[in-house]
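The structure appears right after this line, and notes come after that.
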Amino acid sequence: MREMWDEVSVEWDSAEIEPGIRVHYGTAGAGERTVMLVHGYPETAYVWRRVAPLLVRAGLRVVVPDYRGAGGSSKPLGGYDKHTMAGDLHALLYEHMGLTGPVTVVGHDIGMMVAYAFARRFTDSTDRLVVMEAPLPGTDAYTTALGDTDRLWHFQFHRAPDVPELLTAGREQLYLERFYQDLAYDTEAIGPDAIQRYVRAFSRPGAMRAGFELYRAFPTDDAHNRAQVERDGKLRLPVLALAGVESTFAPFTEAMMQEVAKDVTFRTVERSNHWIPEENAEGLAAEILGFIGVG
(Lines of atoms letter the chains of each structure in order from A and count residues from 1; the text may use other names and numbers.)
(Lines give C-alpha, C1' and ligand atoms only; values in the text may rest on other atoms or scores of the structure.)
Protein backbone atom coordinates (compact mmCIF):
# COMPACT_ATOMS: atom_id res chain seq x y z
CA MET A 1 0.00 0.00 0.00
CA ARG A 2 1.19 3.52 -0.78
CA GLU A 3 0.54 6.53 1.41
CA MET A 4 1.61 10.15 0.96
CA TRP A 5 3.26 11.97 3.85
CA ASP A 6 3.65 15.63 2.91
CA GLU A 7 3.99 14.71 -0.78
CA VAL A 8 6.57 12.00 -0.03
CA SER A 9 5.54 8.47 -0.97
CA VAL A 10 5.66 5.85 1.79
CA GLU A 11 5.39 2.21 0.69
CA TRP A 12 3.86 -0.11 3.27
CA ASP A 13 4.50 -3.84 3.51
CA SER A 14 4.90 -6.56 6.13
CA ALA A 15 7.56 -9.18 6.71
CA GLU A 16 7.42 -12.52 8.50
CA ILE A 17 10.55 -12.25 10.62
CA GLU A 18 9.92 -15.59 12.34
CA PRO A 19 7.12 -18.15 12.05
CA GLY A 20 3.86 -16.46 13.02
CA ILE A 21 5.42 -13.04 13.71
CA ARG A 22 4.98 -10.28 11.14
CA VAL A 23 6.36 -6.74 11.27
CA HIS A 24 4.44 -4.01 9.44
CA TYR A 25 6.71 -1.29 8.08
CA GLY A 26 6.97 1.63 5.70
CA THR A 27 9.86 2.78 3.51
CA ALA A 28 10.47 6.11 1.82
CA GLY A 29 13.31 7.60 -0.19
CA ALA A 30 16.09 5.99 -2.16
CA GLY A 31 19.25 7.38 -0.57
CA GLU A 32 22.35 5.29 0.01
CA ARG A 33 22.21 5.94 3.77
CA THR A 34 19.36 4.43 5.79
CA VAL A 35 17.72 5.76 8.93
CA MET A 36 15.32 3.57 10.93
CA LEU A 37 12.81 5.47 13.06
CA VAL A 38 11.34 3.51 15.99
CA HIS A 39 8.14 4.86 17.58
CA GLY A 40 7.07 4.76 21.21
CA TYR A 41 3.93 4.09 23.28
CA PRO A 42 1.05 4.70 22.78
CA GLU A 43 1.70 5.40 19.10
CA THR A 44 2.63 3.66 15.85
CA ALA A 45 5.00 4.34 12.96
CA TYR A 46 2.59 7.12 11.96
CA VAL A 47 4.30 9.28 14.58
CA TRP A 48 7.05 9.92 12.00
CA ARG A 49 4.72 11.35 9.33
CA ARG A 50 6.19 14.85 9.72
CA VAL A 51 9.82 13.82 10.26
CA ALA A 52 10.31 11.20 7.53
CA PRO A 53 9.64 13.55 4.59
CA LEU A 54 12.27 15.99 5.87
CA LEU A 55 14.87 13.22 6.05
CA VAL A 56 13.92 11.88 2.61
CA ARG A 57 14.30 15.35 1.08
CA ALA A 58 17.79 15.48 2.59
CA GLY A 59 18.70 12.39 0.57
CA LEU A 60 18.14 9.59 3.09
CA ARG A 61 16.26 6.32 2.89
CA VAL A 62 13.86 5.99 5.80
CA VAL A 63 12.36 2.85 7.36
CA VAL A 64 9.46 3.23 9.81
CA PRO A 65 8.40 -0.06 11.44
CA ASP A 66 5.53 -0.80 13.78
CA TYR A 67 7.42 -2.75 16.40
CA ARG A 68 6.14 -6.04 17.80
CA GLY A 69 2.68 -5.55 19.33
CA ALA A 70 1.91 -2.18 17.73
CA GLY A 71 -0.02 -0.97 14.69
CA GLY A 72 -0.19 -3.53 11.93
CA SER A 73 2.44 -5.86 13.43
CA SER A 74 1.76 -9.15 15.18
CA LYS A 75 0.77 -9.13 18.85
CA PRO A 76 2.20 -12.33 20.29
CA LEU A 77 1.92 -13.23 23.96
CA GLY A 78 5.62 -12.74 24.62
CA GLY A 79 8.89 -11.38 23.33
CA TYR A 80 8.53 -7.79 24.56
CA ASP A 81 11.96 -7.55 26.12
CA LYS A 82 13.83 -4.99 24.05
CA HIS A 83 16.65 -7.42 23.14
CA THR A 84 14.11 -9.60 21.33
CA MET A 85 12.35 -6.62 19.76
CA ALA A 86 15.68 -5.35 18.43
CA GLY A 87 16.15 -8.76 16.84
CA ASP A 88 12.82 -8.34 15.05
CA LEU A 89 13.99 -5.10 13.46
CA HIS A 90 17.41 -6.47 12.53
CA ALA A 91 15.74 -9.39 10.77
CA LEU A 92 13.46 -6.94 8.95
CA LEU A 93 16.36 -4.84 7.68
CA TYR A 94 18.96 -7.46 6.88
CA GLU A 95 17.09 -10.68 6.17
CA HIS A 96 13.91 -9.34 4.58
CA MET A 97 14.95 -6.00 3.05
CA GLY A 98 18.46 -7.13 2.20
CA LEU A 99 20.41 -4.20 3.62
CA THR A 100 24.16 -4.68 3.77
CA GLY A 101 25.56 -1.55 5.42
CA PRO A 102 25.01 -0.04 8.86
CA VAL A 103 22.01 2.15 9.66
CA THR A 104 21.36 5.11 11.92
CA VAL A 105 18.74 4.11 14.50
CA VAL A 106 16.43 6.72 16.03
CA GLY A 107 14.12 5.85 18.91
CA HIS A 108 11.45 7.81 20.78
CA ASP A 109 9.98 6.76 24.15
CA ILE A 110 9.78 2.92 24.27
CA GLY A 111 11.36 2.99 20.81
CA MET A 112 14.41 4.56 22.44
CA MET A 113 14.83 1.43 24.54
CA VAL A 114 14.51 -0.76 21.43
CA ALA A 115 16.96 1.44 19.51
CA TYR A 116 19.50 1.19 22.33
CA ALA A 117 19.08 -2.59 22.43
CA PHE A 118 19.60 -2.67 18.64
CA ALA A 119 22.85 -0.70 18.91
CA ARG A 120 24.03 -2.97 21.73
CA ARG A 121 23.11 -6.26 20.09
CA PHE A 122 24.05 -5.28 16.54
CA THR A 123 26.86 -2.78 16.95
CA ASP A 124 28.36 -3.58 13.55
CA SER A 125 24.98 -2.82 11.95
CA THR A 126 24.63 0.54 13.71
CA ASP A 127 26.30 3.67 12.42
CA ARG A 128 24.88 6.12 14.94
CA LEU A 129 22.20 6.11 17.63
CA VAL A 130 19.64 8.81 18.42
CA VAL A 131 17.52 8.42 21.56
CA MET A 132 14.89 10.59 23.23
CA GLU A 133 12.27 10.80 25.91
CA ALA A 134 12.45 7.73 28.15
CA PRO A 135 14.37 6.49 31.18
CA LEU A 136 16.61 3.64 30.03
CA PRO A 137 16.31 0.44 32.09
CA GLY A 138 19.69 -0.59 33.42
CA THR A 139 20.80 2.90 34.43
CA ASP A 140 20.85 4.60 37.80
CA ALA A 141 18.76 7.36 36.24
CA TYR A 142 16.05 4.80 35.48
CA THR A 143 16.05 3.59 39.09
CA THR A 144 15.72 7.16 40.30
CA ALA A 145 12.97 7.91 37.78
CA LEU A 146 10.89 5.01 39.09
CA GLY A 147 10.52 6.95 42.31
CA ASP A 148 8.72 9.74 40.46
CA THR A 149 5.29 8.20 40.89
CA ASP A 150 3.52 11.45 39.99
CA ARG A 151 5.14 11.51 36.55
CA LEU A 152 5.64 7.78 35.90
CA TRP A 153 2.64 6.29 37.71
CA HIS A 154 1.79 4.26 34.62
CA PHE A 155 5.02 2.25 34.83
CA GLN A 156 3.65 0.34 37.82
CA PHE A 157 0.04 0.33 36.60
CA HIS A 158 0.95 -1.21 33.24
CA ARG A 159 2.98 -3.95 34.90
CA ALA A 160 0.13 -5.17 37.12
CA PRO A 161 -1.19 -8.55 35.91
CA ASP A 162 -4.55 -8.29 34.11
CA VAL A 163 -5.70 -5.10 35.86
CA PRO A 164 -4.84 -2.54 33.15
CA GLU A 165 -6.47 -4.70 30.47
CA LEU A 166 -9.62 -4.95 32.58
CA LEU A 167 -9.85 -1.24 33.36
CA THR A 168 -9.06 0.10 29.87
CA ALA A 169 -11.24 -2.27 27.82
CA GLY A 170 -13.74 -0.17 25.89
CA ARG A 171 -12.13 3.00 27.25
CA GLU A 172 -9.05 3.03 25.04
CA GLN A 173 -9.56 6.56 23.74
CA LEU A 174 -10.22 8.05 27.17
CA TYR A 175 -7.12 6.37 28.53
CA LEU A 176 -4.73 7.10 25.67
CA GLU A 177 -5.77 10.71 25.22
CA ARG A 178 -4.65 11.46 28.76
CA PHE A 179 -1.06 10.75 27.68
CA TYR A 180 -1.35 12.88 24.55
CA GLN A 181 -2.68 15.81 26.57
CA ASP A 182 -0.68 15.59 29.79
CA LEU A 183 2.74 15.20 28.15
CA ALA A 184 2.34 17.87 25.48
CA TYR A 185 3.89 21.29 25.00
CA ASP A 186 1.18 22.00 22.42
CA THR A 187 -1.95 19.94 23.13
CA GLU A 188 -3.10 20.38 19.53
CA ALA A 189 0.16 19.22 17.96
CA ILE A 190 -0.69 15.54 17.50
CA GLY A 191 -4.05 16.37 15.96
CA PRO A 192 -7.43 14.58 15.97
CA ASP A 193 -6.76 12.51 12.86
CA ALA A 194 -3.59 11.01 14.30
CA ILE A 195 -5.25 10.40 17.66
CA GLN A 196 -8.07 8.52 15.98
CA ARG A 197 -5.55 6.47 14.06
CA TYR A 198 -3.70 5.55 17.24
CA VAL A 199 -6.91 4.78 19.11
CA ARG A 200 -8.07 2.55 16.28
CA ALA A 201 -4.74 0.70 16.35
CA PHE A 202 -4.86 0.15 20.12
CA SER A 203 -8.49 -0.93 20.03
CA ARG A 204 -7.61 -4.02 17.99
CA PRO A 205 -7.61 -7.40 19.74
CA GLY A 206 -4.51 -7.82 21.88
CA ALA A 207 -3.13 -4.34 21.23
CA MET A 208 -3.53 -2.88 24.72
CA ARG A 209 -2.19 -6.08 26.27
CA ALA A 210 0.84 -5.89 23.97
CA GLY A 211 1.43 -2.29 25.03
CA PHE A 212 1.38 -3.26 28.70
CA GLU A 213 3.76 -6.14 28.03
CA LEU A 214 6.37 -3.59 26.97
CA TYR A 215 6.38 -2.34 30.55
CA ARG A 216 6.16 -5.78 32.12
CA ALA A 217 9.46 -6.57 30.40
CA PHE A 218 11.28 -3.66 32.10
CA PRO A 219 12.82 -5.78 34.89
CA THR A 220 14.25 -8.11 32.24
CA ASP A 221 15.49 -5.12 30.25
CA ASP A 222 17.08 -3.62 33.36
CA ALA A 223 19.01 -6.75 34.24
CA HIS A 224 20.06 -7.35 30.64
CA ASN A 225 21.30 -3.80 30.07
CA ARG A 226 23.27 -3.71 33.31
CA ALA A 227 24.91 -7.05 32.52
CA GLN A 228 25.92 -5.86 29.05
CA VAL A 229 27.66 -2.75 30.37
CA GLU A 230 29.42 -4.77 33.06
CA ARG A 231 30.55 -7.34 30.50
CA ASP A 232 31.30 -5.24 27.44
CA GLY A 233 31.70 -1.69 28.71
CA LYS A 234 30.05 1.41 27.31
CA LEU A 235 28.89 1.84 23.73
CA ARG A 236 31.59 3.42 21.58
CA LEU A 237 29.51 4.57 18.62
CA PRO A 238 28.26 8.19 18.54
CA VAL A 239 25.03 8.81 20.46
CA LEU A 240 22.74 11.83 20.22
CA ALA A 241 20.53 12.13 23.30
CA LEU A 242 17.57 14.48 22.90
CA ALA A 243 14.81 15.77 25.15
CA GLY A 244 11.98 18.21 24.71
CA VAL A 245 12.95 21.52 26.27
CA GLU A 246 9.83 21.34 28.47
CA SER A 247 10.16 17.64 29.28
CA THR A 248 10.78 16.27 32.75
CA PHE A 249 13.35 13.94 31.12
CA ALA A 250 15.56 16.86 30.06
CA PRO A 251 17.44 17.27 33.38
CA PHE A 252 18.75 13.68 33.50
CA THR A 253 18.93 12.41 29.90
CA GLU A 254 22.56 13.39 29.28
CA ALA A 255 23.92 11.82 32.46
CA MET A 256 21.75 8.74 31.89
CA MET A 257 23.21 8.06 28.45
CA GLN A 258 26.72 8.73 29.71
CA GLU A 259 26.22 5.75 32.01
CA VAL A 260 26.03 3.46 28.97
CA ALA A 261 27.88 5.25 26.14
CA LYS A 262 31.24 7.00 25.75
CA ASP A 263 30.46 9.47 22.96
CA VAL A 264 27.26 11.29 23.94
CA THR A 265 25.98 14.59 22.57
CA PHE A 266 22.99 16.06 24.40
CA ARG A 267 20.57 18.56 22.93
CA THR A 268 17.12 19.87 23.78
CA VAL A 269 14.48 20.43 21.11
CA GLU A 270 12.61 23.72 21.31
CA ARG A 271 8.81 24.00 21.34
CA SER A 272 8.32 20.45 22.55
CA ASN A 273 7.62 18.37 25.60
CA HIS A 274 7.40 14.57 25.25
CA TRP A 275 5.96 14.28 21.72
CA ILE A 276 8.98 15.71 19.90
CA PRO A 277 8.33 14.10 16.47
CA GLU A 278 4.88 15.68 16.31
CA GLU A 279 5.45 18.88 18.25
CA ASN A 280 8.61 20.01 16.44
CA ALA A 281 9.40 17.76 13.48
CA GLU A 282 11.56 20.42 11.84
CA GLY A 283 13.69 20.86 14.95
CA LEU A 284 14.07 17.11 15.39
CA ALA A 285 14.99 16.53 11.74
CA ALA A 286 17.58 19.29 11.93
CA GLU A 287 19.18 17.65 14.96
CA ILE A 288 19.26 14.23 13.27
CA LEU A 289 20.69 15.58 10.02
CA GLY A 290 23.33 17.64 11.78
CA PHE A 291 24.35 14.65 13.89
CA ILE A 292 24.84 12.35 10.89
CA GLY A 293 26.45 15.05 8.76
CA VAL A 294 23.78 15.51 6.11
CA GLY A 295 22.46 18.81 4.84
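Adding 3 to a residue's 1-based position in the sequence shown gives its number in the numbering used here.
Yeah, the Cβ is synthetic: ideal placement off N, Cα and C, and Gly gets one too.
If you're wondering where the values come from, they're calculated on a predicted model, not measured in any experiment.
I'd like to check one pair, residue j with residue i: are the Cβ atoms closer than 7 Å?
i: Met39; j: Val106; result: yes
i: Thr251; j: Arg154; result: yes
i: His111; j: Met88; result: no
i: Asp84; j: Asp196; result: no
i: His27; j: Gly75; result: yes
i: Ala48; j: Ala31; result: no
i: Gly104; j: Gly62; result: no
i: Tyr188; j: Ser128; result: no
i: Pro140; j: Phe269; result: no
i: Ile279; j: Leu292; result: no
i: Arg162; j: Arg219; result: yes
i: Leu57; j: Val65; result: no
i: Lys78; j: Gly214; result: no
i: Val202; j: Ala118; result: no
i: Arg239; j: Glu168; result: no
i: Val248; j: Glu273; result: yes
i: Pro45; j: Leu170; result: no
i: Val267; j: Lys237; result: no
i: Met259; j: Ala120; result: no
Note the first and the last residue of the continuous alpha helix (DSSP H) segment covering residue i.
i: Trp8; result: Looking at the DSSP string, Trp8 is not in any alpha helix (DSSP H); the run it does join, the beta strand (DSSP E), is 5 to 8.
i: Gly29; result: Premise fails: Gly29 lies in the beta strand (DSSP E), 24 to 31, not in any alpha helix (DSSP H).
i: Asn228; result: 221 to 235
i: Thr171; result: 166 to 171
i: Thr146; result: 143 to 148
i: Pro140; result: Careful: Pro140 lies outside any alpha helix (DSSP H) and carries neither H nor E.
i: Leu155; result: Run containing Leu155: none; DSSP gives neither H nor E here.
i: Pro280; result: 279 to 282
i: Leu179; result: 175 to 185
Could you check where the beta strand (DSSP E) with residue i kicks off and where it finishes?
i: Tyr44; result: No beta strand (DSSP E) holds Tyr44; DSSP gives it neither H nor E.
i: Leu240; result: From DSSP, Leu240 is part of no beta strand (DSSP E); its letter is neither H nor E.
i: Phe125; result: No beta strand (DSSP E) contains Phe125, which DSSP labels as neither H nor E.
i: Asp16; result: 11 to 21
i: Phe66; result: Reading the sequence as shown, one finds Val at residue 66 and not Phe. 64 to 68 is the extent of the beta strand (DSSP E) around Val66.
I'd like to confirm the pairing. Which residues does DSSP put opposite residue i in its beta bridges?
i: Glu216; result: Answer is none; Glu216 lacks a bridge partner.
i: Phe255; result: Paired residue(s): none; Phe255 is not in a bridge.
i: Leu245; result: Met135, Arg270
i: Thr37; result: Arg64
i: Ala192; result: BP columns for Ala192 are empty, so no partner.
i: Ala264; result: Leu238
Quick one: using the 10 Å Cβ neighbour count with 16 as the cut-off for buried, is residue i buried or exposed?
i: Lys265; result: exposed
i: Met4; result: exposed
i: Glu98; result: exposed
i: Asp185; result: exposed
i: Gly296; result: exposed
i: Leu132; result: buried
i: Glu175; result: buried
i: Arg181; result: exposed
i: Gly194; result: exposed
i: Val67; result: buried
i: Arg36; result: buried
i: Leu364; result: As displayed, the chain neither begins before 4 nor continues past 298, which places residue 364 out of reach and without an answer.
i: Gln231; result: buried
i: Trp51; result: buried
Kindly indicate if chain D contains any beta-carbon less than 7 Å away from that of residue i.
i: Ile113; result: The question asks about chain D, but that chain is absent: this structure has only one protein chain.
Exercise for the section: Run through the segment 76 to 115 for me and flag every whole alpha helix (DSSP H) of 4 or more residues, listed as ranges in chain order. Expected result: Counting only runs of at least 4 residues, the segment 76 to 115 fully encloses the following alpha helix (DSSP H) elements, listed from N- to C-terminal order: 85 to 93.
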